[in-house]
Amino acid sequence: MYYVYYCDVRTVDPVIFKNFYSLCREISFQFRTRLPHGLLVYHNVKNPDRINLNPYALYVIVEKGQLKVVHVFGKHSTSVTVGEGLNRDEWHSVMVRE
């Protein structure tokens with residue numbers, strides 16, 4: 001099964017996903033693209049009205065042909081950048097764990 005996501009209507013080259021899995025503390029997927037930049041995954045937890053939680057967000061991005069994972073928790077954020085040439089229209093596997 002393949003999932004095709006277009007980030008923008010004007011985009012000619014989509015990002016194609018297959019085998020996308022999400023568990024409580026882990027996501028894994030395969031993707032291929034020819035785009036040098038793009039958002040692959042965005043996960044955000046919003047605050048319910050009566051619960052005081054720190055803001056939380058997770059981004060998985062292709063940036064300059066590299067994979068970048070950004071984790072935001074409260075006022076702090078961390079990022080990790082790995083790989084290169086990930087926009088050569090080849091399949092790549094990604095697993096992000098807590």
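For the record, in the sequence shown the residue sitting at position 14 is 14 according to full-length UniProt numbering, with numbers rising by one throughout.
All C-beta atoms, glycine included, are put in the ideal place defined by N, C-alpha and C.
What is the rounded straight-line gap between the Cα of HIS43 and the Cα of ARG25?
-> Position 43 of the sequence shown holds residue 43. Position 25 of the sequence shown holds residue 25. For HIS43 and ARG25, the distance between alpha carbons rounds to 12 Å.
Put LEU86 into one of helix, strand or coil per three-state DSSP.
-> In the sequence shown, the residue the question calls residue 86 occupies position 86. In the structure shown, LEU86 sits in coil (DSSP, three-state: anything other than H, G, I, E or B).
Below 8 Å on the Cβ atoms is my guess for LYS64 versus PRO36; work out the distance and round it to an integer in Å.
-> On the sequence shown, position 64 is the one that residue 64 refers to. On the sequence shown, position 36 is the one that residue 36 refers to. With a Cβ gap of about 6 Å, LYS64 and PRO36 count as contacting.
Count the other CB atoms within 10 Å of the CB of LEU53; is the residue buried (16 or more) or exposed (fewer)?
-> In the sequence shown, counting from the first residue as 1, residue 53 sits at position 53. With fewer than 16 other Cβ atoms within 10 Å, it is exposed.
Would you mind giving the Cβ-Cβ distance between VAL82 and GLN66, rounded to the nearest angstrom? I have them listed as a contact below 8 Å.
-> The residue given as residue 82 occupies position 82 in the sequence shown. The residue given as residue 66 occupies position 66 in the sequence shown. The pair is a contact, with the Cβ atoms about 7 Å apart (cut-off 8 Å).
Count the other CB atoms within 10 Å of the CB of THR78; is the residue buried (16 or more) or exposed (fewer)?
-> For the purposes of this step, residue 78 is taken as residue 78 along the sequence shown, with counting starting at 1. Exposed.
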